[in-house]
Ligand SMILES: C[S@@+](CC[C@H](N)C(=O)[O-])C[C@H]1O[C@@H](n2cnc3c(N)ncnc32)[C@H](O)[C@@H]1O
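Numbering (the numbering used here), first residue to last: 34 to 335.
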């Protein structure tokens, strides 16, 4: 589960220095949720959102929030495990979590009968790069994209895979920085949940555009709504900004139905949807396996 750092002062992660400053100054926007609503719209998802009209438009707000988290305690911000706050993650063990995750994902992809090529992969929202480095054991060239300069800097600093990994700062609400039809594999985990759904919807459509037709595979995770744990039920009724002041991160969800619509509208096909635990126990979360079938002229899309 994700949380934010609270402490201050310098910290050291196995030989590299992390600048610790004050926590995010931007109050993220998420309104209280309608219990019956599948898709958790947020204040910043609507034209009427007063915070959207201020200088901090939704993406800028996300960028500033993560830049701050990346400057403060990047490994903890990526993986908020008990006892790992305040620079307590060791780099080796942190990177090992990426290997474990990606090996399991690639096994699931194969088990679903999908066989992406081994040339190129993208990790969207790469954070400190643990998944980018792990993907480099499966693909020749891996690109990690992130909106936070501080995270990209940490990812580059921790990179042990040389030129097989590259890290790109992308401050746009799209992925124009990556050519269409160029990726054998796109991965994204623990990212889409941290932005308004208007943004996550756009990026999901972009994942499909980037895939090589027929063979390319995308795997991404996004929660649907808070779970029925006590905290999950509280999050459905307590105003989002209040929750996020404590948790330091925005949380948003999209229903599986909506995700499927977005994928199909972009020309993709949802091959499999699995329950997923990456958003922690207080959110219902799903992981999607998506391919991009070759469009047959004259025939409707699958
Ligand atoms: C919780 S971390 C997860 C990092 C990585 N996926 C992992 O699991 O190791 C979320 C990351 O998503 C990035 N992020 C959030 N919104 C983004 C956006 N619109 N574009 C690119 N990266 C984004 C943040 O900067 C942060 O590094």
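Just so you know, even glycine gets a beta-carbon here, dropped at the ideal spot from N, CA and C.
Is residue i close to ligand 1? I mean its beta-carbon at under 6 Å from any heavy atom of the ligand.
i, result
"residue 223", "yes"
"residue 287", "no"
"residue 179", "yes"
"residue 313", "no"
"residue 160", "yes"
"residue 208", "no"
"residue 228", "yes"
"residue 175", "no"
"residue 124", "no"
"residue 164", "yes"
"residue 184", "yes"
"residue 99", "yes"
"residue 201", "no"
"residue 95", "yes"
Distance check for residue j and residue i, CA to CA, integer angstroms please.
i, j, result
"residue 153", "residue 147", "16 Å"
"residue 102", "residue 110", "6 Å"
"residue 149", "residue 249", "5 Å"
"residue 322", "residue 234", "16 Å"
"residue 92", "residue 205", "8 Å"
"residue 332", "residue 201", "37 Å"
"residue 230", "residue 199", "27 Å"
"residue 320", "residue 293", "12 Å"
"residue 134", "residue 164", "8 Å"
"residue 16", "residue 271", "Here the chain comprises residues numbered 34 to 335, so residue 16 is not present and cannot be evaluated."
"residue 216", "residue 295", "19 Å"
"residue 181", "residue 311", "20 Å"
"residue 83", "residue 301", "Here residue 83 scores only 34 on pLDDT, less than 50, and its place in the model should not be relied on; the value that follows carries that caveat. Their backbone Cα atoms lie some 34 Å apart in a straight line."
"residue 125", "residue 140", "23 Å"
"residue 89", "residue 283", "Low per-residue confidence applies at residue 89: pLDDT is 43, beneath 50, and the placement is therefore not dependable enough to give any value."
"residue 219", "residue 119", "31 Å"
Thinking just about the alpha-carbon of each residue, which of the options is nearest to the one in residue i?
i, options, result
"residue 131", "116, 223 and 213", "223"
"residue 290", "282, 303, 175 and 283", "303"
"residue 225", "141, 254 and 142", "254"
"residue 122", "213, 237, 259 and 106", "106"
"residue 285", "296, 268, 294 and 208", "268"
"residue 169", "136, 328 and 260", "136"
"residue 11", "192, 251, 247 and 228", "Absent from the structure is residue 11, since the part of the chain shown begins at 34 and ends at 335."
"residue 196", "145, 127, 306 and 173", "173"
"residue 214", "90, 325, 99 and 96", "325"
"residue 288", "228, 183 and 256", "256"
"residue 265", "316, 184, 119 and 192", "316"
"residue 313", "262, 307 and 306", "262"
"residue 327", "145, 241, 144 and 203", "241"
Could you tell me how far apart the beta carbons of residue i and residue j are, in whole angstroms, since I believe they sit closer than 8 Å?
i, j, result
"residue 155", "residue 243", "6 Å"
"residue 138", "residue 159", "Between residue 159 and residue 138 the Cβ distance is about 15 Å, and since that is not below 8 Å, they are no contact."
For residue i, is the beta carbon positioned less than 6 Å from some heavy atom of ligand 3?
i, result
"residue 111", "You won't find ligand 3 in this model; what it holds is ligand 1."
Subject >> Segments of 3+ residues assigned as beta strand (DSSP E) that fall wholly inside the stretch 161–209 >> reply: 174–179 and 198–202
Original post:
Residue ranges of each beta strand (DSSP E) run of no fewer than 3 residues wholly in the stretch 208–267, ordered along the chain?
Top reply: 218–221 and 250–259
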